[in-house]
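Chemist:
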Amino acid sequence: MSLSDLILLHAPSVYDFRQKTILYGPVSDLIPPSPVFEMYPIGLSSIAEYLERASYRVRIVNLAVRMLRDKNFNAEEMIKRLKAPVFGIDLHWMVHCHGAIEVARLVKKHHPQSKVVFGGFSSTYFYQELLQYPEVDYVIRGDSTEEPFRQLMDCIVKGSEPEAVPNLVWRDRQGKIQENPFSNVPSDLDNLMVDNYGGVIRSVIRHRDLISYIPFKDWLRYPILAVFLCRGCSQNCVVCGGSATTSRRFYNREKVAFWSPEAVARNVKQISRFSRGPIFMLGDLADSGEEYAYKVLKLLQKDRVKNRFILELFNPVSRDLLHQMSLSCPNFCLEISPESHDPEVRKASGRPYSNEALEQMLSDALDVGCGRLDVFFMIGLPKQTPQSVMDTIDYCDYLLQKFKEDKRLCLFIAPLSPFLDPGSLGFEHPERYGYRILFRTLEEHRQALLSPSWKYSLNYETEWMTRHQIADTAYEAILRLNRLKAKHGVISRQMAEAGERRIKAASEMMRRIDEIMAGDNLEGELPRLKAEVDNINTFPVSEKIQLELPIGLIKLKLWRPLWSWLTNR
Ligand code: B12
Ligand code: SF4
0 MSLSDLILLH
10 APSVYDFRQK
20 TILYGPVSDL
30 IPPSPVFEMY
40 PIGLSSIAEY
50 LERASYRVRI
60 VNLAVRMLRD
70 KNFNAEEMIK
80 RLKAPVFGID
90 LHWMVHCHGA
100 IEVARLVKKH
110 HPQSKVVFGG
120 FSSTYFYQEL
130 LQYPEVDYVI
140 RGDSTEEPFR
150 QLMDCIVKGS
160 EPEAVPNLVW
170 RDRQGKIQEN
180 PFSNVPSDLD
190 NLMVDNYGGV
200 IRSVIRHRDL
210 ISYIPFKDWL
220 RYPILAVFLC
230 RGCSQNCVVC
240 GGSATTSRRF
250 YNREKVAFWS
260 PEAVARNVKQ
270 ISRFSRGPIF
280 MLGDLADSGE
290 EYAYKVLKLL
300 QKDRVKNRFI
310 LELFNPVSRD
320 LLHQMSLSCP
330 NFCLEISPES
340 HDPEVRKASG
350 RPYSNEALEQ
360 MLSDALDVGC
370 GRLDVFFMIG
380 LPKQTPQSVM
390 DTIDYCDYLL
400 QKFKEDKRLC
410 LFIAPLSPFL
420 DPGSLGFEHP
430 ERYGYRILFR
440 TLEEHRQALL
450 SPSWKYSLNY
460 ETEWMTRHQI
470 ADTAYEAILR
480 LNRLKAKHGV
490 ISRQMAEAGE
500 RRIKAASEMM
510 RRIDEIMAGD
520 NLEGELPRLK
530 AEVDNINTFP
540 VSEKIQLELP
550 IGLIKLKLWR
560 PLWSWLTNR
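Numbering (numbering that gives the first Met the number 0), first residue to last: 0 to 568.
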């Protein structure tokens, strides 16, 4: 008998990344996971928790993390050993389109009787193409699949046809594809993620397998956790596959749905019981109006949890709200993404605020006691030329001078990579925003991920920059910003040197790969570079280190949820 009714698998970006020669580039420099994109959607733990409440036994296996942590780990062997009537595979982020399909093939090879379910944003966008792969039995569409998944599990257990399961696309007994109504788009979220991480921890204990659950390779050293404020987004950033317009058109979500302030505070408290790591509040507190923001913050002020908070803002906010943030979340870290120094480029990308408003907010945040202020710029935007990107670096110089080299002000720049999100305004209306889309189908994206260098995985160019220019400009901008930070003393000389070594080695390797690709012996010459490319891919990323918040020695207290589980049985 199998221990699980459902096993949720997370694949690496490229399934056999350990065998391939691929120069990843700065595609994931500003997020905790590596370019293998080993992080699974947090929605997997939400699905697991919801189905466990409905008495299904759910297990999560992050194959990508296991493959990254142990070069001898045999993913196929593990898939063969796992037993369950249903396997769920996330194809949420497009960057997993290679790995996710390969993992599905292995599941079907070893468990032909088991059903394979796909879900996530990219699955929702590409559901028709996905069902052309014989290894995919079902796709559940949408940003909220907990209840449809429960209903599908009921049908599979009973052996009945799932014609009433909302959001489901499936093949009937005649092999005909059926599209059920896309009607499950909840506006009340408080029944979701009720005991989110508690459910995961119990499942870890049941399967005695912590490693399969960790969200990214270094998580045990840096156990950052997320609390969500909402599903959907009110903003319309041109490059984003989760924007208001994209959500309306592809995920059927007319309006953003927010968790109640009480549910947000409850989730925070739950995390603080077993983790001292930072809590990332995902979504903009001010997005649902300042009243909502104050309600959440006042509850947090009352609870006084000790974890440090990372809060994000889509637009500049008032000094009063920032002050409340510092009362409720002392030493908080604030993140904002103006994308460009040039308000014209920013506006064309869907963020129409001025530099005056931005700088006023940076000044207020530092004044009220923000512990760190992360400001993100991006490369690959409408109206942005290589010169404009260099001007952004000059603007960073200006900001560091203006704020007197305050070490709390952390500036970052990265290319939009590897993909312009399918479903985003830029992807759907490229001519309107000055994009040229190079790959449209799922299969084209899968093949693109196997390119020897990240430059050739990019699925877009702009009217203002070719792929070559985007890649060259990205390396130059990252290098210049790194030097600038060293000049202003906001990062150490060692960190700056490590950053410089990495970028120079990577851009030199990109040039060598270009030469090989221009020749006629790619198959013969590329494998010879493997050891060097792998070495460059694993250089420490100084930007990732800068983004980490310092935490104490004891980070996790996993015995607490175990104890409360045992005593509540
Ligand atoms: C939070 C967030 C992150 C967090 C990740 C948190 C996490 N572990 O989930 C961080 C900052 C780390 C992140 C990173 C990235 N992100 Co992001 N992220 C978001 C954001 C802002 C919110 C997502 C969210 O709220 N989810 C809510 C949770 C609870 O639900 P969920 O995880 O989506 O899961 C539900 C459904 O999607 C579905 N589902 C998911 N998996 C599965 C599997 C099965 C089998 C089924 C049935 C259903 C299902 O059901 C779940 C439960 O209802 C969205 C934008 C938006 N407005 O949505 C972008 C977004 C999802 N990210 C995006 C991208 C591109 C990335 C990166 C690739 C960027 C990069 N190059 O670095 C990386 C990938 C990281 C990795 N995998 O290693 C794009 C994806 C577009 C696309 N189609 O590919 C989005 C849409 C917008 C954007 N550009 O930021 N991201
Ligand atoms: S990138 Fe813009 S549109 Fe996308 S989730 Fe963030 S704020 Fe919303």
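Built from N, CA and C at the ideal position, the CB exists for glycine as well.
1) Assuming V26 is part of the beta strand (DSSP E), what are its boundary residues?
2) Let's see if you can read the secondary structure: which residues bound the alpha helix (DSSP H) around H444?
3) Using a Cβ-Cβ cutoff of less than 7 Å, which residues in the same chain neighbour C525 once the five nearest sequence positions on both sides are dropped?
4) Quick one: using the 10 Å Cβ neighbour count with 16 as the cut-off for buried, is K254 buried or exposed?
5) Hey, S287 and F313: beta-carbon distance below 7 Å or not?
6) Rounded to whole angstroms, what is the Cα-Cα separation between A10 and D69?
7) Is it buried or exposed for P25, if we count other Cβ within 10 angstroms and need 16 for buried?
8) Consider the C-beta atom of F418 and the heavy atoms of ligand 2; say whether any pair is separated by less than 6 Å.
9) Between the alpha carbons of L130 and F249, how many angstroms are there, rounded?
10) Pick helix, strand or coil for Y124, following the three-state DSSP scheme.
11) Compute the minimum distance between the beta carbon of C239 and the heavy atoms of ligand 1, and state whether it is under 6 Å.
12) DSSP beta-bridge partners for P414?
13) Return the CA-CA distance between I392 and N536, expressed in angstroms with no decimal places.
14) Short of 7 Å in beta carbon distance, which residues of its chain neighbour R568, apart from the five on each side in sequence? Order them along the chain.
15) For G87, count the other beta carbons within 10 Å of its own beta carbon; 16 or more makes it buried, fewer makes it exposed. Which is it?
16) Any idea what DSSP makes of E524, helix, strand or coil?
17) Could you tell me whether the stretch 96–111 touches the stretch 228–236, where touching means 3 or more Cβ pairs closer than 8 Å?
18) For the alpha helix (DSSP H) that A262 lies in, which residues bound it at each end?
19) In this structure, how does DSSP classify R371 when only helix, strand and coil are distinguished?
20) Could you check if C409 belongs to the surroundings of ligand 2, using beta carbon to heavy atom distance under 6 Å?
21) Is F313 a contact residue of ligand 4, with contact defined as CB to any heavy atom under 6 Å?
22) Closest to S186 by C-alpha separation, out of Q173, R350, N251, would be which residue?
23) Nearest to R466 by CA position, among I378, H322, E145, is which residue?
24) Classify V138 as helix, strand or coil using the three-state DSSP reduction.
25) Would R56 pass as a contact of S3 if the rule is Cβ separation under 7 Å?
26) Can you pull the DSSP bridge partners for H9?
27) Does DSSP classify A83 as helix, strand or coil?
28) Is the number of C-beta pairs between the stretch 428–441 and the stretch 261–269 that are closer than 8 Å three or more?
29) Under 7 Å, Cβ to Cβ, is there at least one residue of chain B near M324?
30) If you count every other CB in all the chains shown that lies within 10 Å of the CB of L357, and 16 or more means buried, which is it?
31) How many whole angstroms separate the CB atoms of V13 and G141, which I take to be in contact at a CB cut-off of 8 Å?
32) Which word fits P549, buried or exposed, when buried means at least 16 other C-beta atoms lie within 10 angstroms of its C-beta?
33) Please determine, among S54, I59, D341, the residue with the shortest C-alpha to C-alpha distance to M38.
34) Could you give the DSSP three-state label for S159: helix, strand or coil?
35) Would you report the Cα separation of N534 and S362, rounded to the nearest angstrom?
36) Tell me, please, whether the stretch 487–501 touches the stretch 461–475 by the rule of three or more beta-carbon pairs shorter than 8 Å.
Modeler: Working from what's here:
1) Unbroken run through V26: none, as it is neither H nor E.
2) Per DSSP, H444 belongs to the alpha helix (DSSP H) from 441–447.
3) Looking at the sequence shown, residue 525 is not Cys but Leu. Take L525, set aside five residues on each side of it, and the residues of its chain with a beta-carbon closer than 7 Å to its own are T20, P451, I515, in chain order.
4) It counts as exposed.
5) No, the Cβ-Cβ distance between S287 and F313 is not below 7 Å.
6) If you take the alpha carbons of A10 and D69, they lie about 15 Å apart.
7) So P25 counts as buried.
8) Because no heavy atom of ligand 2 lies under 6 Å away, the Cβ of F418 does not count as near it: no.
9) For L130 and F249, the distance between alpha carbons rounds to 17 Å.
10) Here Y124 sits in helix by DSSP.
11) Indeed, a heavy atom of ligand 1 lies less than 6 Å from the Cβ.
12) According to DSSP, which records beta bridges pairwise, P414 is partnered with I378.
13) Pairing I392 with N536, the inter-Cα distance amounts to about 25 Å.
14) With a pLDDT of 41 at R568, under the threshold of 50, the modelled position of this residue cannot be trusted, and the question is left open.
15) G87 is buried by the Cβ-count criterion.
16) Note: E524 maps to helix in three-state DSSP.
17) Inter-segment contact for the stretch 96–111 and the stretch 228–236 is absent: fewer than three beta-carbon pairs are separated by less than 8 Å.
18) Counting along the chain, the alpha helix (DSSP H) containing A262 begins and ends at 260–273.
19) It is a strand residue.
20) C409: no, Cβ never under 6 Å from ligand 2.
21) Of the ligands one can find in the structure shown, namely ligand 1 and ligand 2, none is ligand 4.
22) For the residues Q173, R350, N251, the minimum Cα distance to S186 belongs to N251.
23) Nearest option by C-alpha distance: I378.
24) DSSP places V138 in strand when its eight states are reduced to three.
25) Between R56 and S3, the gap from beta carbon to beta carbon is short of 7 Å.
26) Note: H9 is bridge-paired with N61 in the DSSP secondary-structure output.
27) Here A83 sits in coil by DSSP.
28) Contact fails: fewer than three Cβ-Cβ distances are below 8 Å.
29) No chain B appears in the structure shown, which is made up of a single protein chain.
30) Classification of L357: buried, given that the 10 Å Cβ count is 16 or more.
31) About 27 Å separates the two Cβ atoms, so there is no contact after all.
32) Flag for P549 reads exposed.
33) Comparing alpha-carbon positions, the option among S54, I59, D341 lying closest to M38 turns out to be I59.
34) S159 falls in the coil class under three-state DSSP.
35) Rounded to whole angstroms, N534 to S362 spans 40 Å at the Cα level.
36) The answer is no - the stretch 461–475 does not touch the stretch 487–501, with fewer than three Cβ pairs under 8 Å.
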